[in-house]
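Taking it in order: structure first as structure tokens, then the write-up.
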């Protein structure tokens, strides 16, 4: 009996079963109950020592997911696991908090478990400057750009965060929005956040508009809860805001919920934009204006880069893939 067998009988993905077996908090109670019923039925026990031996024998790739509640990264994870299932490799999934140092975690795993490679879903390349140097196996960051890290073992595949954010901000400005609030991540710890903010500021400066970062920028976790809490602050600190620029779809959805609770309509009273292009945003009402990230392409190119480096048929690269803007229904023209 293996985790794959548990997944097959319980009807859940291998990644979901792995999270349950590793007691990860980001699992619904009903899902956890159903998986554990199958586990108890067969008396399955996760043997850590045996797991480590198998990792060495069966060519395991460790996947480190940055963020415990990211719909985007979980979507990427499902795609990565499908790629690995049809390859000669095996996967071990590790979740870390949005503010944790994923490179330091990888360094510990590298010494203890000797994987054949790493896949980082999300991440802050700043952490890699100090902690990645000792890792001597091929690795790839998917959805974050790491071209500023000098390492022959580290690749990255991402969209152009600066250009995409600028394009989204320009869409708001062209529709007459001159007073825009921003909800993003922690500018001190997230390179991706800094790039998306840079793109926003480029559009603001090109249009000759003023922006007060102290009031106009609200830092939040990349979650619905983060967007929900930050939306009220945006309106409280900035009189006359007509649009909220967010750096993730989940943040935008949380913000829209809060605006509704405050008696405000989107887009009639306040326009809201996202970033990621999650399927959820397409079925949300109103449909979210967002930057559409090509998730299949990101995973396809990221996995191809990693396996080429593992098999010594390629070398580390940093690739930017194009994305598009979906206008949606969450922006009103103020012209």
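In this note's numbering, the protein residues as written are 513 to 847.
For glycine and all other residues, C-beta sits at the position ideal for the given N, C-alpha and C.
Within 8 Å, strictly: CB atoms of residue 810 and residue 573: Taking C-beta atoms as the reference points, residue 810 and residue 573 fail to come closer than 8 Å.
For residue 763, three-class secondary structure by DSSP: Here DSSP, grouped into helix, strand and coil, assigns residue 763 to helix.
Backbone CA spacing between residue 751 and residue 693 [nearest angstrom]: Just so you know, the alpha carbons of residue 751 and residue 693 end up roughly 10 Å apart.
Within 8 Å, strictly: CB atoms of residue 634 and residue 550: The answer is no: Cβ separation not under 8 Å.
Residue range of the unbroken alpha helix (DSSP H) whose run includes residue 578: Here residue 578 belongs to no alpha helix (DSSP H); instead the beta strand (DSSP E) covers 572-578.
Exposure label - residue 646; buried when at least 16 CB within 10 Å: With fewer than 16 other Cβ atoms within 10 Å, it is exposed.
Residue(s) in a DSSP beta bridge with residue 666: DSSP lists 651 as partners of residue 666.
Contact under 8 Å by Cβ, residue 844 with residue 780: Going by beta carbons, residue 844 and residue 780 fall inside the 8 Å limit.
Endpoints, alpha helix (DSSP H) assigned at residue 631: Looking at the DSSP string, residue 631 is not in any alpha helix (DSSP H); the run it does join, the beta strand (DSSP E), is 629-633.
Per-residue DSSP class, three states only, for residue 605: Residue state, collapsed to three classes: strand.
Beta carbon of residue 605 nearer than 8 Å to that of residue 589: In contact: residue 605 and residue 589 (Cβ atoms closer than 8 Å).
Burial state of residue 660 (16 or more Cβ within 10 Å): Burial call: exposed.
Cα-Cα separation between residue 518 and residue 529, rounded to whole angstroms: Computed Cα separation, rounded: 7 Å.
CB-CB length for residue 768 against residue 753, believed under 8 Å: No, residue 768 and residue 753 are not in contact; Cβ-Cβ is about 14 Å, not under 8 Å.
Start-to-end residues for the alpha helix (DSSP H) that takes in residue 696: The continuous stretches of alpha helix (DSSP H) do not include residue 696, which lies in the beta strand (DSSP E) extending over residues 692-696.
Cβ contact check for the stretch 679-686 and the stretch 707-723: 3 or more pairs under 8 Å: Yes, the stretch 679-686 touches the stretch 707-723.
Opening and closing residue of the alpha helix (DSSP H) in which residue 729 lies: Annotation for residue 729: no alpha helix (DSSP H) segment contains it, though the beta strand (DSSP E) segment containing it runs 729-731.
Extent of the continuous beta strand (DSSP E) to which residue 837 belongs: Bounds of the beta strand (DSSP E) holding residue 837 are 836-838.
Bridge-paired residues (DSSP) for residue 788: Its beta-bridge partners are 804.
Among 700, 676, 744, the one whose alpha carbon lies nearest that of residue 711: It is 676 whose Cα lies nearest to the Cα of residue 711.
Whole-angstrom C-beta distance between residue 808 and residue 786, which should lie under 8 Å: With 8 Å as the limit, residue 786 and residue 808 do not qualify as a contact, their Cβ atoms being about 19 Å apart.
Bounding residues of the beta strand (DSSP E) (the contiguous stretch that carries residue 832): It spans 830-832 - the beta strand (DSSP E) in which residue 832 sits, taken as one unbroken run.
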